[in-house]
Amino acid sequence: MNRLINYGYLTEILAKIMVVTCFALSFMVCSDISSDPIVPDIINVQPIPNTLVSSVETICGIASWYSKESPGINEHTANGEEFDHYKIACASWDFPFGSLLEVTNIENGKKVIVRVNDRGPAKRLYKAGRVIDLTKAAFRAIANIDKGLIRVKIRIVK
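Have a look at this one:
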């Protein structure tokens, strides 16, 4: 018996499979799902751009700044305080709220003590080595705002 294959139907099914596969892949790429966790490199103590280097005492990496004008910034920080970019504060995933951190600009040696009151930087940036987001005022204390990103060393004060 001679069977006819309905290629139109087969093409439609394959197209739907491809759409679902593309959606799943794009979701995995755009979300925080990752198969390789961040493992701090304790052996290398020299700060490397876009790499997390840490030990018990310090964390080295890239710092950025954020303000009310930054896209996606909420009116309140993650701990519930009203966000004010004129305050000396920061966003960090590595330290509990209320922690006092000494942030040192590796390039010029300038230091500022900040309090953790928010979470950040964005997970995709954190995975790329951005270890802390400073408020505009905190960043200005140790670097020129126009720089945008700086290499820092972070030490826990309290």
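Numbered as in my numbering, the sequence shown ends at 1395 without a single skipped number. The C-beta atom is built at its ideal place from N, Cα and C for all residues, glycine as well. Being a predicted model, the structure only gives us computed values, none of them experimental.
Residue Ile1379 holds the alpha-carbon nearest to the alpha-carbon of Thr1341 among Lys1395, Ile1379, Trp1302, Ser1301. Within 10 angstroms of the beta-carbon of Ala1328 lie 16 or more other beta-carbons, which makes it buried.
Non-local beta-carbon contacts of Asn1316 in its own chain, meaning distances under 6 Å to residues more than five positions away in sequence, involve Phe1334, Asn1354 in chain order. Taking all protein chains in view, the Cβ of Ser1301 is crowded by 16 or more other Cβ atoms within 10 Å, so the residue is classified as buried.
Across the set Leu1362, Ile1391, Asn1345, the C-alpha of Asn1345 shows the shortest separation from the C-alpha of Lys1384.
In the three-state scheme derived from DSSP, where H, G and I count as helix and E and B as strand, Tyr1323 is classed as coil. For the 8 Å CB-CB criterion, Leu1337 and Ile1350 form a contact. The beta carbon of Ile1382 is closer than 8 Å to those of Trp1302, Lys1373, Phe1376 in its chain, skipping five residues each way along the sequence.
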